[in-house]
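Student: Okay, handing you the structure first.
Protein chains: 4
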Amino acid sequence: MSSVVRVGVIGYGYWGPNLVRNFAECPGAAVGAVCDARPERLALVQRRYPAVEVTTSAEELVSRADIDAVIVATPVDRHFELALAALRAGKHVLIEKPMTSTSTQARRLIDEAASRGLTLMVDHTFVYTGAVRKMREMTAAGELGDIYYYDSVRINLGLFQHDVNVLWDLAVHDLAIMDYVLGQTPVSVSATGLAHVAARPENIAYMTMFFPGSLIAHVHVNWLSPVKIRRTLLGGSRRMVMFDDLEASEKIKVYDRGISLNPSPENVYQMLVGYRTGDMYAPQIPLSEALSVEAAHFVACVSQGTRPLTDGEAGLRVVQLLEAATESMAHQGRLVNVGRLVNAGSLEHT
Amino acid sequence: MSSVVRVGVIGYGYWGPNLVRNFAECPGAAVGAVCDARPERLALVQRRYPAVEVTTSAEELVSRADIDAVIVATPVDRHFELALAALRAGKHVLIEKPMTSTSTQARRLIDEAASRGLTLMVDHTFVYTGAVRKMREMTAAGELGDIYYYDSVRINLGLFQHDVNVLWDLAVHDLAIMDYVLGQTPVSVSATGLAHVAARPENIAYMTMFFPGSLIAHVHVNWLSPVKIRRTLLGGSRRMVMFDDLEASEKIKVYDRGISLNPSPENVYQMLVGYRTGDMYAPQIPLSEALSVEAAHFVACVSQGTRPLTDGEAGLRVVQLLEAATESMAHQGRLVNVGRLVNAGSLEHT
Amino acid sequence: MSSVVRVGVIGYGYWGPNLVRNFAECPGAAVGAVCDARPERLALVQRRYPAVEVTTSAEELVSRADIDAVIVATPVDRHFELALAALRAGKHVLIEKPMTSTSTQARRLIDEAASRGLTLMVDHTFVYTGAVRKMREMTAAGELGDIYYYDSVRINLGLFQHDVNVLWDLAVHDLAIMDYVLGQTPVSVSATGLAHVAARPENIAYMTMFFPGSLIAHVHVNWLSPVKIRRTLLGGSRRMVMFDDLEASEKIKVYDRGISLNPSPENVYQMLVGYRTGDMYAPQIPLSEALSVEAAHFVACVSQGTRPLTDGEAGLRVVQLLEAATESMAHQGRLVNVGRLVNAGSLEHT
Amino acid sequence: MSSVVRVGVIGYGYWGPNLVRNFAECPGAAVGAVCDARPERLALVQRRYPAVEVTTSAEELVSRADIDAVIVATPVDRHFELALAALRAGKHVLIEKPMTSTSTQARRLIDEAASRGLTLMVDHTFVYTGAVRKMREMTAAGELGDIYYYDSVRINLGLFQHDVNVLWDLAVHDLAIMDYVLGQTPVSVSATGLAHVAARPENIAYMTMFFPGSLIAHVHVNWLSPVKIRRTLLGGSRRMVMFDDLEASEKIKVYDRGISLNPSPENVYQMLVGYRTGDMYAPQIPLSEALSVEAAHFVACVSQGTRPLTDGEAGLRVVQLLEAATESMAHQGRLVNVGRLVNAGSLEHT
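Chains as they are written, first to last, in the working numbering: chain A, 68 to 417; chain B, 68 to 417; chain C, 68 to 417; chain D, 68 to 417.
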């Protein structure tokens with residue numbers, strides 16, 4: 068492989084242009100080709116990047132000898148087939164989130180990449196933002212103490228998707244953030260939701276995740292909100308964090324607040340619960356574009372053969388949760404064990 | 068009965084002083100006596116209201132001939148017993164929310180009051196605020212169209228209660244508001260939550276309510292949040308409302324936003340989903356204290372024998388939902404039919 | 068003097084009830100008498116405080132032997148006469164802000180109190196808030212570096228006063244805060260403003276104050292704003308502070324931001340200006356009521372003969388600035404030397 | 068002239084790329100050439116727009132036969148010379164704001180364009196935003212009643228300019244907005260400010276403008292603020308507007324609030340002042356990019372020979388105010404008559 072990683076991008080819709088721009092500007096990378104079924108989208112590529120090859124055929128792109136890595140940025144239902152073809156053609160792969168439509172598909176891609184020694188990475192963009200990295204840093208360093216809850220609201224007036232429910236469109240961000248920040252995997256899920264347009268998937272959903280120990284997580288997603296909210300609370304025994312992604316500055320606020328537990332003077336088996344309130348501070352967060360950090364990380368992993376932060380396993384864990392939540396939601400909150408689905412996926416896969 | 072309604076208040080803790088002050092200033096009402104087990108609380112009453120009788124005995128207060136109505140403002144586990152005694156003594160009754168600890172108790176109080184022709188009212192305070200009345204007005208007039216969802220967040224760093232979980236402390240407000248604003252009753256509930264202090268009830272809870280048709284409701288309550296939030300979204304097919312109780316002015320914002328459904332030109336069985344965004348307006352809301360409006364309403368109901376807006380039935384419906392949610396939460400989101408519990412309550416009661 | 072300071076309050080309008088309540092609850096103090104010309108106001112006092120004497124005659128109150136100190140809470144045009152009478156009757160005095168209508172009057176009160184060895188204090192309430200004390204603490208400790216500017220906006224839809232312009236009503240708060248926090252006195256003032264109702268004083272005003280060195284201050288006050296804003300910026304060479312009094316928590320935010328000056332590598336006489344941006348933090352501020360802290364301070368000063376934080380000199384400095392600003396405003400921003408007026412005042416006074 | 072207006076852009080620094088992008092995408096326009104003294108900036112142009120000619124010589128660009136109009140986007144001290152050369156070469160001209168360094172220069176450009184029948188437009192970008200157009204629409208339709216005040220705060224941590232003070236950098240936006248929205252010209256100015264870095268111009272400034280009648284305007288600009296604020300209040304006798312440019316939606320809020328004046332029942336010569344508070348609404352504002360609207364307007368003016376909304380006279384009026392304010396600031400608020408400077412400018416020019 069040359070010293071420059073040459074990427075081919077399949078899908079030039081909403082997210083594709085951002086991927087092309089960031090890889091075009093990424094040192095050590097070059098965009099070799101872009102594929103889209105729509106000629107007018109390819110014309111756009113040509114106007115902006117005259118040196119980039121364009122094609123309407125994904126097979127052609129995947130089989131190009133001058134391409135080292137393939138980026139899949141199509142609707143989710145084509146992720147599996149395209150990524151598999153790319154891996155089989157010996158290309159490294161970066162897939163837009165969610166990784167695949169099913170956990171079985173995700174596991175097959177993981178195996179395929181592993182057996183071929185290729186890099187497989189999932190575009191969990193938020194993991195590469197300064198704010199989420201700050202949260203990870205604090206939890207990993209124990210600054211928050213024991214984590215008690217993760218609570219996220221991600222709502223706005225959004226496009227009603229035809230094929231996936233609002234969990235697969237919006238909650239996927241939170242599941243990717245949680246996977247990175249918490250370093251723990253939920254054991255079970257209870258989700259509820261509703262579809263307000265006939266024959267469309269759910270446009271509003273609530274998802275509770277249970278972890279071992281005293282951690283609980285909840286995600287509220289909604290395509291039918293008059294206001295846009297992107298706010299996450301991360302509560303710990305020592306400190307608590309609010310992450311508001313719509314704040315221009317001060318995206319992360321750290322509160323020295325919580326409960327204090329003191330042994331009761333009257334009863335040694337009892338604890339007295341008290342308040343603890345202290346300062347708040349908003350650490351300075353680097354403002355570099357997440358996708359540019361992510362592109363550099365992908366290039367480094369491909370060049371050096373190292374494992375990506377958001378590898379296929381991370382993508383799989385997120386898809387498993389989405390599957391479990393969708394099943395739970397279909398039964399109005401019925402508890403679904405995430406582990407069971409993992410096994411089911413593994414079985415199906417063999 | 069004299070032309071003035073003379074009330075006796077049992078319980079002078081957190082809420083009692085507000086009740087006494089508002090009834091003291093309410094035309095057509097007078098505070099005759101206050102009862103509390105703690106002498107220092109009664110001393111406070113005497114300093115502020117030298118003319119009011121004080122007693123540590125609830126029985127004494129209930130049996131006073133110069134008292135027309137009894138207000139029960141004690142912890143919830145004594146509501147039933149005290150309200151029942153008052154009704155049996157022929158007094159009208161106003162009970163702080165939640166009405167009782169069980170739906171069976173609530174139904175017995177309703178029957179007792181009915182058989183004696185006495186007024187029974189529950190202190191669902193929010194129903195008497197300008198903001199909630201505005202929401203009711205808009206839903207009743209059809210200004211919001213079909214109601215799609217009610218979503219509320221009610222969180223802060225709060226006192227961990229010993230006896231009740233966070234639903235009975237905080238979600239009760241939302242259930243009372245919904246009961247009044249929506250004019251519909253949920254058929255089933257799925258709730259999740261967690262206790263972060265051993266041997267204490269849940270301090271964080273999520274509660275989804277399913278209604279007939281395309282309405283869903285969700286309430287998030289939390290005693291362990293570093294920030295205080297009191298924000299409700301009410302989404303309709305024509306307009307949407309955000310109620311933020313922490314806003315000094317502009318508590319209610321009405322958004323002319325939503326989805327627009329158009330028959331598809333290609334397929335008569337399909338609808339095209341589009342956005343609709345328009346103006347926002349914040350109607351002027353009267354700022355009178357809710358409790359003063361409520362006191363006047365109670366006095367009017369007692370004097371004229373009319374049914375209170377927040378009568379025993381409203382109190383019962385809220386308690387039924389809290390029971391169902393608590394049961395569901397104990398089973399990590401298991402769907403609980405609200406109707407079943409209603410019947411159970413009725414059966415037990417007979 | 069007895070061990071308890073007995074106060075008499077003249078004026079039971081908007082602010083008087085707060086003064087009476089706080090002195091009534093202040094250890095070491097007792098409210099002996101209240102005076103107001105309006106019988107209905109006195110009736111209110113009697114209902115709330117049966118033990119307090121009431122009178123419509125200020126002379127009577129001032130001459131009572133059982134009163135140690137007089138609090139003047141009338142409109143400003145009566146401050147001088149009443150405070151002077153109280154001092155002459157040997158009473159300690161606390162005057163609502165602004166201290167007097169003219170600096171000449173203020174100086175005469177200072178002299179009178181000094182010659183009699185009596186305490187003279189001005190009710191600059193904000194000086195006794197946790198937020199302002201925090202700002203003072205930071206400036207005094209050098210945490211902000213050199214102070215570059217004080218900028219305050221204090222606007223709302225307010226009552227148009229008949230007798231004083233908006234500076235005497237609203238800017239007086241900022242002048243009192245600045246006097247305490249900055250520890251410096253302006254040398255000159257330029258103010259502009261306008262009256263929008265015929266025959267009324269200015270309802271909107273802008274006031275710039277020049278200090279020795281590189282400090283400038285500006286205050287914007289307005290009775291005709293559709294929104295309420297109470298926001299002060301305090302810019303220093305090391306750190307900057309935003310004080311937003313309408314924030315429930317986080318009233319004070321400290322920003323580690325500013326400019327950095329580096330000697331130019333090319334020209335030793337030049338400095339390169341750069342940005343410096345860092346964390347923000349919001350220190351925990353004690354929430355005790357300012358007036359309660361202030362009442363305790365007044366009682367301590369009277370009892371121990373110590374000098375109040377907000378003594379007559381502080382009151383005088385604020386009145387001098389208001390005089391200078393009013394003169395400047397009458398001439399559309401003409402620069403007025405504050406020192407000149409001090410001298411003028413002194414001359415008149417002799 | 069061909070049916071397409073071919074523009075040449077001088078200056079490819081901060082604002083130039085936005086101009087090139089918008090004219091490149093503007094129907095009826097084409098970017099023919101770009102000039103910048105820095106080769107690395109021209110390389111950037113070539114990479115993005117391979118078809119556009121580049122040059123380091125402004126003279127060459129101005130003299131090109133295939134260019135119909137010249138856009139001057141250099142630092143302000145070169146505006147006059149370059150615009151004059153372009154007009155003399157028969158080109159239409161669009162100049163970035165502020166138009167020129169002096170009002171004399173502005174008037175000469177106006178005369179030159181008039182005598183040659185060429186379009187002269189100034190890039191007062193805000194005039195082409197949906198929010199400012201909405202404000203203009205409301206004032207023009209009388210919806211706000213008589214305008215009482217314009218008050219703007221435009222502060223942030225900003226680059227300290229070497230050559231111009233903060234008024235020429237930031238207040239210029241407000242003066243351009245006011246010129247369009249109010250339709251009135253101030254008669255005099257009082258400004259104050261301070262420089263916190265030796266040998267640099269003022270970095271903080273306050274500017275009051277007096278109009279005939281009961282209108283007053285004030286602008287606060289500051290390069291040394293820890294927070295970014297872009298907030299304008301427009302107060303009228305019937306309604307009031309708040310324009311917050313940092314709000315993602317709801318940039319414009321209209322308040323049905325103000326004072327009500329009623330003839331006094333006691334004195335026919337007196338007016339009673341009362342409050343009036345009502346609803347607030349936030350009209351939907353079109354989100355199209357201002358510069359794209361402005362480019363289309365320039366093309367239309369050039370093609371049809373119509374007068375631009377922000378013509379040379381508008382640019383001149385803004386420069387006159389900046390001159391007057393700078394003079395006033397040098398004398399600590401001394402009142403400067405704007406008319407006098409106009410005359411002075413005219414005299415000098417002849």
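Where a beta carbon is used, it is the ideal one built from N, C-alpha and C, also for glycine.
Predicted, not measured: the structure shown is a model, and the values here were computed from it.
(1) Using a C-beta to C-beta distance shorter than 9 angstroms, which residues of chain B count as neighbours of SER359(A)?
(2) Suppose you measure from the CA of ASP144(D) to the CA of THR167(D); what does that come to, to the nearest Å?
(3) Would LEU376(C) and LEU234(C) be called neighbours here (beta carbons separated by less than 7 angstroms)?
(4) So, are the CB atoms of ARG221(A) and ARG297(A) less than 7 angstroms apart?
(5) Would you say HIS229(B) faces chain A, with C-beta separation under 7 angstroms as the test?
(6) For SER257(B) and TYR348(D), I'd like the C-alpha separation in whole angstroms.
(7) Take every Cβ of the stretch 392–402 of chain B, pair it with every Cβ of the stretch 169–183 of chain B, and state whether three or more of those distances are shorter than 8 angstroms.
(8) Would you mind working out which of ALA367(B), ILE138(B) and VAL405(B) sits nearest SER255(B), comparing C-alpha positions?
(9) Closer than 8 angstroms by C-beta to ALA125(C): which residues in its own chain qualify, once you throw out the five before and the five after it? Chain order, please.
(10) Mind listing which residues of the stretch 378–403 of chain B have their C-beta closer than 9 angstroms to chain A's C-betas, in chain order?
(11) Within 10 angstroms of its Cβ, does LEU402(A) collect 16 or more other Cβ (buried), or is it exposed?
(12) Counting only C-beta atoms, is ASP311(C) closer than 7 angstroms to chain A at any point?
(13) Fully enclosed by the stretch 121–196 of chain C, which alpha helix (DSSP H) runs are 4 residues long or longer?
(14) Beta-carbon within less than 7 angstroms of ALA97(D)'s beta-carbon, same chain only, minus the 5 sequence neighbours each way: which residues are those?
(15) From the DSSP output, in three-state form, read off ASP246(C) for me.
(16) With PHE193(B) and HIS240(B) assumed to form a contact (beta carbons below 8 angstroms), what rounded beta-carbon distance in angstroms separates them?
(17) Does SER327(C) get closer than 7 angstroms to chain D when you measure Cβ to Cβ?
(18) Taking the alpha helix (DSSP H) that ALA91(A) falls in, what are its first and last residues?
(19) Rounded to whole angstroms, what's the CA-CA distance from PRO353(A) to GLY379(D)? Just pull it up for me.
(20) Report yes or no: is there a C-beta of chain D within less than 7 angstroms of the C-beta of VAL129(C)?
(21) Find the nearest neighbour of ALA392(D) within the set ALA272(D), PRO293(D), ARG183(D) and ALA381(D), judged by alpha-carbon distance.
(22) Got a sec? Which residues, its chain only, sit under 7 angstroms from PRO279(C) by beta carbon, not counting five neighbours each side?
(23) Would you mind sorting PRO268(B) into buried or exposed? The rule is 16 or more other CB atoms within 10 Å of its CB.
(24) Assuming contact is defined by CB atoms lying nearer than 7 angstroms, are ALA140(C) and GLU163(C) in contact in what I supplied?
(25) Could you name the residues of the stretch 336–351 of chain A whose beta carbon sits closer than 7 angstroms to any beta carbon of chain C, in the order they occur along the chain?
(26) Nearest to VAL231(C) by alpha carbon, out of LEU86(C), TYR216(C), ASN270(C) and LEU300(C)?
(27) Taking the C-alpha atoms as reference points, what is the distance between TRP82(B) and ARG115(B)?
(28) Using a Cβ cut-off of 9 angstroms, pull out every chain B residue sitting near PRO84(C), in sequence order please.
(29) Report the residue from LEU224(D), PRO293(D), HIS191(D) and ILE138(D) whose alpha carbon sits nearest the alpha carbon of ALA357(D).
(30) So what does DSSP say about PHE278(B), is it helix, strand or coil?
(31) Considering GLY400(A), what are the terminal residues of the alpha helix (DSSP H) in which it resides?
(32) What is the DSSP secondary structure of PHE365(A), reduced to helix, strand or coil?
(33) Thinking C-beta only, is VAL189(B) closer than 7 angstroms to ALA372(B)?
(34) If you draw a straight line from the C-alpha of GLY65(D) to the C-alpha of GLY250(A), how long is it?
(35) What span of residues does the beta strand (DSSP E) with ALA118(D) cover, start to end?
(36) Throw me the rounded Cβ distance for the PRO293(C) and MET307(D) pair, which I believe falls under 8 angstroms.
Tutor: On the basis of the coordinates in this document:
(1) Translated into the one-based positions of the first sequence, residue 359(A) becomes position 292. The contacting residues do not exist; SER359(A) stays about 31 angstroms from chain B at best.
(2) On the fourth sequence, position 77 is the one that residue 144(D) refers to. On the fourth sequence, position 100 is the one that residue 167(D) refers to. C-alpha separation (whole angstroms): 7 angstroms.
(3) The residue labelled residue 376(C) in the question sits at position 309 within the third sequence. The residue labelled residue 234(C) in the question sits at position 167 within the third sequence. No, the Cβ-Cβ distance between LEU376(C) and LEU234(C) is not below 7 angstroms.
(4) Here residue 221(A) refers to the residue found at position 154 when the first sequence is read from its first residue. Here residue 297(A) refers to the residue found at position 230 when the first sequence is read from its first residue. Yes, Cβ-Cβ distance for ARG221(A) and ARG297(A) is below 7 angstroms.
(5) Reading the second sequence from its first residue, position 162 is the one you call residue 229(B). It does not; no Cβ of chain A falls within 7 angstroms.
(6) Numbered from its first residue, the second sequence carries residue 257(B) at position 190. Numbered from its first residue, the fourth sequence carries residue 348(D) at position 281. Roughly 37 angstroms between the two C-alpha positions.
(7) no
(8) Residue 255(B) sits at position 188 when you count from the first residue of the second sequence. Ranking the options by Cα distance to SER255(B), first place goes to VAL405(B).
(9) Position 58 of the third sequence, counting from 1, holds the residue named residue 125(C). If we look at ALA125(C) and ignore the five residues flanking it on each side, its Cβ neighbours are ILE77, CYS102, LEU149 and ALA152.
(10) SER395, HIS398, GLN399, GLY400, ARG401 and LEU402
(11) For this step, residue 402(A) is matched to residue 335 along the first sequence. So LEU402(A) ends up on the buried side.
(12) Position 244 of the third sequence, counting from 1, holds the residue named residue 311(C). Judged by the 7 angstroms Cβ criterion, ASP311(C) is not in contact with chain A.
(13) 125–130, 146–155 and 170–183
(14) Position 30 of the fourth sequence, counted from the start, is the residue given in the question as residue 97(D). Contacts found: VAL71 and ARG73.
(15) Locating residue 246(C) in the third sequence gives position 179, counting from the first residue. In this structure, ASP246(C) counts as helix in the three-state DSSP scheme.
(16) Working through the second sequence from its first residue, we reach residue 193(B) at position 126. Working through the second sequence from its first residue, we reach residue 240(B) at position 173. That pair is a contact at about 6 angstroms.
(17) For the purposes of this step, residue 327(C) is taken as residue 260 along the third sequence, with counting starting at 1. With 7 angstroms as the cut-off, SER327(C) does not count as an interface residue toward chain D.
(18) Translated into positions along the first sequence, residue 91(A) becomes position 24. Taken as a continuous stretch (DSSP letters only), the alpha helix (DSSP H) holding ALA91(A) covers 83–91.
(19) Here residue 353(A) refers to the residue found at position 286 when the first sequence is read from its first residue. Here residue 379(D) refers to the residue found at position 312 when the fourth sequence is read from its first residue. Roughly 42 angstroms between the two C-alpha positions.
(20) Here residue 129(C) corresponds to residue number 62 of the third sequence, with the count starting at 1. No, VAL129(C) does not count as interfacial toward chain D.
(21) As a working mapping, residue 392(D) is identified with position 325 in the fourth sequence. When each option's Cα is compared against that of ALA392(D), the closest is ALA272(D).
(22) The residue labelled residue 279(C) in the question sits at position 212 within the third sequence. The residues are VAL254.
(23) As a first step, residue 268(B) must be located in the second sequence, where it is residue number 201. Buried, because 16 or more other Cβ atoms sit within 10 Å of the Cβ of PRO268(B).
(24) Taking the third sequence and counting its residues from 1, one reaches residue 140(C) at position 73. Taking the third sequence and counting its residues from 1, one reaches residue 163(C) at position 96. Contact: yes.
(25) THR344, GLY345, ASP346, MET347, TYR348, ALA349, PRO350 and GLN351
(26) As a position in the third sequence, residue 231(C) is number 164, starting the count at 1. Per the Cα distances, ASN270(C).
(27) For the purposes of this step, residue 82(B) is taken as the residue at position 15 of the second sequence. For the purposes of this step, residue 115(B) is taken as the residue at position 48 of the second sequence. TRP82(B) and ARG115(B): Cα-Cα distance of roughly 16 angstroms.
(28) For this step, residue 84(C) is matched to residue 17 along the third sequence. What PRO84(C) touches in chain B: nothing, since even the nearest Cβ is about 14 angstroms away.
(29) Taking the fourth sequence and counting its residues from 1, one reaches residue 357(D) at position 290. Answer by Cα proximity: HIS191(D).
(30) Position 211 of the second sequence, counted from the first residue, corresponds to residue 278(B). Reduced to three states, the DSSP call for PHE278(B) is coil.
(31) Position 333 of the first sequence, counted from the first residue, corresponds to residue 400(A). Per DSSP, GLY400(A) belongs to no alpha helix (DSSP H) and is neither H nor E.
(32) Mapped onto the first sequence, residue 365(A) falls at position 298. Here PHE365(A) sits in helix by DSSP.
(33) For the purposes of this step, residue 372(B) is taken as the residue at position 305 of the second sequence. For the purposes of this step, residue 189(B) is taken as the residue at position 122 of the second sequence. For clarity, residue 372(B) is Gly in the given sequence; the question names Ala instead. The answer is no: Cβ separation not under 7 angstroms.
(34) Here chain D has residues from 68 to 417 only, and residue 65(D) is not among them.
(35) To locate residue 118(D), count along the fourth sequence from 1; it is residue 51. Run containing ALA118(D): none; DSSP gives neither H nor E here.
(36) Here residue 293(C) corresponds to residue number 226 of the third sequence, with the count starting at 1. Here residue 307(D) corresponds to residue number 240 of the fourth sequence, with the count starting at 1. Indeed they touch by this definition, with Cβ atoms about 4 angstroms apart.
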